[in-house]
Structure formats: C-alpha cells, structure tokens
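Enquirer:
Number of protein chains: 2
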Amino acid sequence: MHEIDVVGIGNAIVDVLCQADDAFLERHDLTKGAMMLVDAEQASRLYAAMPPGVEVSGGSAANTMAGIAALGGKGAFIGKVRDDQLGEVFAHDIRSIGLSFMTPPLLEGAPTGRCLIVVTPDAQRTMNTFLGAAIDLTAEDINPEVIRAAKITYLEGYLWDPEAAKAAFRKALDVAHAGGRKVALTLSDSFCVDRHRDEFRALVDQVDIVFANEAEILSLYQVATFDEALHAVRKAGTLAVLTRSEQGSVILDGDDVHVIGAERGVNVLDTTGAGDLYAAGFLAGLTSGKPLAQCGRMGAIAAAEAISHMGARPQVDLAALVAEKLG
Amino acid sequence: MHEIDVVGIGNAIVDVLCQADDAFLERHDLTKGAMMLVDAEQASRLYAAMPPGVEVSGGSAANTMAGIAALGGKGAFIGKVRDDQLGEVFAHDIRSIGLSFMTPPLLEGAPTGRCLIVVTPDAQRTMNTFLGAAIDLTAEDINPEVIRAAKITYLEGYLWDPEAAKAAFRKALDVAHAGGRKVALTLSDSFCVDRHRDEFRALVDQVDIVFANEAEILSLYQVATFDEALHAVRKAGTLAVLTRSEQGSVILDGDDVHVIGAERGVNVLDTTGAGDLYAAGFLAGLTSGKPLAQCGRMGAIAAAEAISHMGARPQVDLAALVAEKLG
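Respectively, the protein sequence lines represent chains A and B. Using my numbering, the first residue of the first sequence is number 1, and each one after it goes up by one. Using my numbering, the first residue of the second sequence is number 1001, and each one after it goes up by one.
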C-alpha cells in the first residue's frame, strides 16, 4: 500500500443541523456547547421537536479527514455506518473527496449514527449524538496495512464511548507504534473527558500528539487555570496542541512553546467542527513537513473557515485559502 | 376542518446539493438550469461522480408551502415519500414548520425521491430528479376535506411526469372548484412544458392562477418573445404570474397588468427555489387579502432570500423580512 498522510478513526456520523434559540436548549435540558449521548428514543423525541434541519456528513475524525483532503493530504477513514440511506450519504461524501473508506457497513441492527445539532444565535453548537451503527466498530475493522501506511493515525476521544471501539483504538495504537508511526488523539469534549478521565490520562502519555481545547485539558487534569493545565500536560511529554477559541492556540513541544493567534475578522455563524478543522490544518501541515508554528496557523485558518458557515466540513478550496493567507 | 390558506400537491423530494463547475455538467451531459428525470441507476451513477453534498428537504410545491408557513400562512402538503430515512427527513422538515402532512408513506417499492442538484459558480442550479416513491401519488391520496378547507390548491407541473399523479391532480382540481375554491398551477420547467404542452395549455384554461417563468411561458405557447407570450396567456383569462429572474415579474389580471421589479443588491449564491419561493410570497399575500402588486413584491422578497443561500427553503424569518421591506 502507498504511504498516506493520515488515517482517521472515529464515529461515522451524519449531522442534522438546525437553528434554534436558547429557550429550546432549556426546554430540552441541553447543555450548551456540549456533546450528549442519546439513545434512539431520545433522539427521535428531540428530532420531533427540532425545527427543519440540514443533513450533512459529520463525525469528529471524519471532519478532520475531510479537511486534510481539502488541503491536499492523502488519507483514509475507518468508522462504522449501516447499509442505509444516511450510511450511503456518509460514504459518498467521504469518498468523493478522495479519501479511502473501506470499513464494511453494518448489515443489520442500529441505523447509521446521527448527531442532532442545535445552533443558537450566538453560533454555539450543542450536540446530541445517537451513535447507532458507530457503536459496532470493532478491532476487526482496523486494517493493519492502512495503519502502517499512514504517517499519523488520528483517533477521536469520542471512540471511548462505544465499548467495542476501545479495542479498535488500542489495536490501531499498537500497530502504528510497532510500525514506527505516530498516533494522535483528540480529547473531543470535556464531558467525554469526564467520563473517561483516568483512561484518557494514560492515553495522553502513550500517544505522540494530543489535541484538546481549554475545557478538555482543564477537565483532564482537574485544574482551574490554563497555565496549570499547560504544566500538567508538559509532564506527559506528548506534543500538545491546545486550542482556545478566539484566544488562539498554544503548541507545546517539550520545552518549546508556540503561541498562535486566532484568525481575525471571522463572521462566526456556527462553531460546529472548529476543533476538527483546526486538527486538519495542523496535521496537514505536520505531514507535509511544515514547522510547528506554521502547522498552528494552518489549523487556525481551517478552523476559521469552518465556523464561518453552517456545518463542519470545508465549503471553499482550503488549500487555496491557506496558500493565500500564508503567502 | 378549519380553513387553511393553501394546500400544495407535488413530488415529495429531498435535495442533494453540491457545487461543481461547468465542466462537470458537460462531462455528464447535463443541460444547465433544467430539471431532468433520471432513473435509479442514472441517479446512482451521477451521485457517485458528485462532490460532497448537503441533504435538505425540497420539492417544488413543498418548498412553496415552506415559504407560505414562514410567512405565517396556514397550509398542508400532499406528496408521497417512502417509510425510509429520507422520507423521515422530508416529513420532519415539513411538519416542524407547522404544515399538515398526512399522506401515508409508501411501505414498499421505490425509496423516497431525491433531486441531485449541481450548483455552478454562476449560481445556476441544474437538477436531476429520481422521482422514487413520489411516482406513487394517486387520487386516493387526495383528501377532499383538505382541498375544500384550502382557499387555494397549489399544483406543480412536475406532477404531470408521474402518470398516476395526473389523476390526483384532476381530482384535486375538481374537488376545489366544486367547493368554490381556487386552483393555482406552476408550469415548473420549460422541458416539463415541452413534454406536456397540449395538456398544460388546457390546464391553464381551467385553473384560476398560473405561475410561469419566461422560458416556460414561451415554451407553452411556442412563441419567441415575452410580449407574444403575454398576449397568448391573456386570451386564457387566467390570472397569470410571470417571473423573469433579475427582470422582475409581470402579473396579468384580465385587462389589468402589474410590472414588479426584482429585489436589488442580492448576492446570488444558488438559484434553487427562486420560482417556488416567489409563488410562496405571492400566495401568502393573496390569501391574506393583499392587492396584487403587493403580492408580487412579497414574491420578489421571498425569492431574493431563497437565492442568497444554498438550498431552496427560507433560512431567515421571512415574515419579519417582508414586514421590514414593505414597511
């Protein structure tokens, strides 16, 4: 198999995006900005109450892979859909941008996973995920050849929610490291960190690159300030990429640190995918040999594009945008 | 049953919107701006070649009904989906804006219809429709109570493509007129007019209101100029609402004529739904007793909103927009 830049492993999800006000969140007991897991019945109840939606392929690692492809990177995605209409949509969208997606779909059982996303007037997104078929991702779905072919294996923390996916996650980690490859992990969500704190701390020590936003890294180390979190993650020795929304990002590489500004003048419409696309820009830079500070800029540019429209995946030629911004 | 403003009858369709260049249209033999019917195999071949898409409820009359609801009108929609995921999406989106949608879904056979829409950089949309379950709309699906309850029954010309829907169409026309109600028809597409010219000419004589764009009305009467078409439709005696894109619209009411300007300063992103939303604004005005010229302005405002974003259905509070523009 030819070398690829990144293989992403994550929950295969189709997003259902709608716009609603804060009263809607309150009425349905939703925590703004968070990702909540819902079962089929809860999903169906919430969907019935939601305003009209737009369906668009999502999933954290899948969004990141879409960004990497849009930046000219070569990649693959591993995740589980059902052989249903939303599964076809997911598979079409990921393949049509040149990514390899070979995970066999589930032939019976739960439908393709979906995430009901409510975007409030402040552009914050609140996510309610019905994992569906994504829950059936197993170690068997991890093709060692693909992992060995990838410079970086990228794993989303959300994989820690479906039980069987943990084994898939660990297999990917082992195969990658045995092949001398790097592994990156994103912590995904502060509530997700809360659910799996001890395991996540151990994982951060094992992987080569960790992505986290401020809430996630504070939750991981149960500290109150960003500076304390910075010192805690420094001890792990892992390359840490910490995003802070409009305050930009901080990249911690051993004793070296880079502080990167957020893009300015962005008309923020929907923050869905901000972190996913930051990771895309960063990893696209890293796998093409760019210095860390420039990887951070690429992340910031890709994230800024993502939050300027509804939905996570790029809607413009990201490679051209980055070329224009970085000159 | 309480009185409603409009009942729309049409093909129940979910749109799959993507952006591609003119070379894509040429490569796939697509006629820019037109609606082409495709079978399941053609749809699947075209979809495989398409870039990533966004799924959003569509269908011409259904879009019009969504616009009427967004303008505060009361309405219902009649159209056929399958009991599948896209059918659920369609039903959810139409019900969640307060429209009644009671047509029982098809339980076997073709999946919910979809329209593969390619939006080129000039904002033109080229549509490829797989009718799917929509083809199974029959006269049985026309609930006479709903038709009698509606001030206006609105029919899309596309219904003339699925054979069984013609009987549904005729039943609705008869029930409405027997109940002293009005019937409106949109010609839908110049190629659709071409396929059914003689029947459409007879229908224009029978209905009370006809909507057409310039290409459609020229095709209907096989004339070369808008002025000739105007005189031809005048003979029919039907209230004619003729839209001309950036040249505005002309409303012909017997000997009376209103010439309405298009909205200015619109950043045109995707013309999908322009005609549907013009009809929505016009009918919302008409059923709330507004003079014809103001109905035309409401149509122009709703159409301008539709073409300022990807997808046909309103993305802002249309009622507030109209109130602001009309003062």
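Glycine residues also receive a C-beta, built at the ideal position from the N, C-alpha and C atoms.
1. Note the first and the last residue of the continuous alpha helix (DSSP H) segment covering residue 163 (chain A).
2. Is residue 1079 (chain B) helix, strand or coil by DSSP?
3. From residue 1200 (chain B) to residue 1187 (chain B), what distance separates their C-alpha atoms?
4. Quick check: what's the CA-CA separation for residue 1135 (chain B) versus residue 1323 (chain B)?
5. Taking the alpha helix (DSSP H) that residue 1230 (chain B) belongs to, which residues open and close that run?
6. Here's a check: name, in chain order, each residue in its chain whose Cβ is nearer than 6 Å to the Cβ of residue 1164 (chain B), leaving out the five neighbours to either side.
7. Following the continuous beta strand (DSSP E) through residue 213 (chain A), name the residue where it begins and the one where it ends.
8. Identify, in the order they occur along the chain, each residue of the same chain with its Cβ nearer than 7 Å to the Cβ of residue 52 (chain A), setting aside the five sequence neighbours on each side.
9. Can you give the Cα-Cα distance for residue 1103 (chain B) and residue 226 (chain A), rounded to whole angstroms?
10. Name the chain E residues that come within less than 7 Å of residue 96 (chain A), Cβ to Cβ?
11. With a threshold of 9 Å between beta carbons, is residue 134 (chain A) in contact with chain B?
12. In terms of DSSP beta bridges, what is residue 1008 (chain B) paired with?
13. For a minimum of 4 consecutive residues, which ranges assigned as the alpha helix (DSSP H) are wholly contained in the stretch 221-304 of chain A?
14. So if DSSP puts residue 114 (chain A) in a beta bridge, which residue, or which two residues, is it bridged to?
15. Applying a beta-carbon distance threshold of less than 8 Å, which residues of chain A neighbour residue 1047 (chain B)?
16. I need the boundaries of the alpha helix (DSSP H) containing residue 1322 (chain B), first residue and last residue.
17. Between which residues of its own chain and residue 319 (chain A) is the CB-CB distance below 7 Å, once the five residues before and five after are set aside?
18. Return the first residue and the last residue of the alpha helix (DSSP H) that residue 1065 (chain B) is part of.
19. Decide if residue 267 (chain A) is buried, meaning its Cβ has at least 16 other Cβ atoms within 10 Å, or exposed.
20. Check residue 100 (chain A) in the structure and name its three-state DSSP category.
21. Is any beta-carbon of chain B found at less than 9 Å from that of residue 308 (chain A)?
22. Just checking: is the beta-carbon of residue 318 (chain A) within a distance shorter than 9 Å of some beta-carbon in chain B?
23. Checking 9 Å against the spacing of the C-beta atoms, do residue 1214 (chain B) and residue 1244 (chain B) come in under that value?
24. Name the chain B residues that come within less than 8 Å of residue 57 (chain A), Cβ to Cβ?
25. Which residue from B:1312, B:1313, B:1294, B:1316 puts its Cα closest to that of residue 1327 (chain B)?
26. If you count every other CB in all the chains shown that lies within 10 Å of the CB of residue 309 (chain A), and 16 or more means buried, which is it?
27. Give the interface partners of residue 1119 (chain B) over in chain A, defined as CB-CB distance under 7 Å, in chain order.
28. With distances taken from CA atoms, which of B:1325, B:1148, B:1129, B:1174 is nearest residue 1162 (chain B)?
29. Could you name the residues of chain B that residue 105 (chain A) contacts, counting a contact when the two beta carbons are closer than 7 Å?
30. Among residues of its own chain, excluding the 5 on either side of residue 1097 (chain B), which ones have a beta-carbon nearer than 8 Å to its beta-carbon?
31. Mind listing the chain A neighbours of residue 1084 (chain B)? Cutoff is C-beta to C-beta under 7 Å, in chain order.
32. Counting contacts by CB-CB distance shorter than 9 Å, is residue 331 (chain A) in contact with chain B?
33. Using a Cβ cut-off of 9 Å (strictly closer), state whether residue 287 (chain A) contacts chain B.
34. So, at 7 Å on beta carbons, what are the nonlocal neighbours of residue 59 (chain A) in its own chain, with the 5 sequence-adjacent residues on each side left out?
35. Pick helix, strand or coil for residue 91 (chain A), following the three-state DSSP scheme.
36. Identify whether residue 38 (chain A) lies in helix, strand or coil by the three-state DSSP scheme.
Expert: Inspection of the coordinates gives the following:
1. 163-178
2. coil
3. 8 Å
4. 38 Å
5. 1226-1236
6. 1138
7. 209-213
8. 18
9. 56 Å
10. This model lacks chain E altogether, as its protein chains are A and B.
11. no
12. B:1077, B:1154
13. 226-236, 274-287
14. A:14, A:130
15. 92
16. 1318-1326
17. 70, 71, 72
18. 1060-1070
19. exposed
20. strand
21. no
22. no
23. yes
24. 1052
25. B:1294
26. buried
27. By Cβ distance, chain A contributes nothing, its closest Cβ being about 12 Å from residue 1119 (chain B), past 7 Å.
28. B:1129
29. Those do not exist, as residue 105 (chain A) stays about 14 Å from chain B at its closest Cβ, beyond 7 Å.
30. 1066, 1069, 1070
31. 85
32. The displayed coordinates of chain A run from 1 to 327. Any statement about residue 331 (chain A) would go beyond what the structure contains.
33. no
34. 10, 11, 12, 13, 79
35. helix
36. coil
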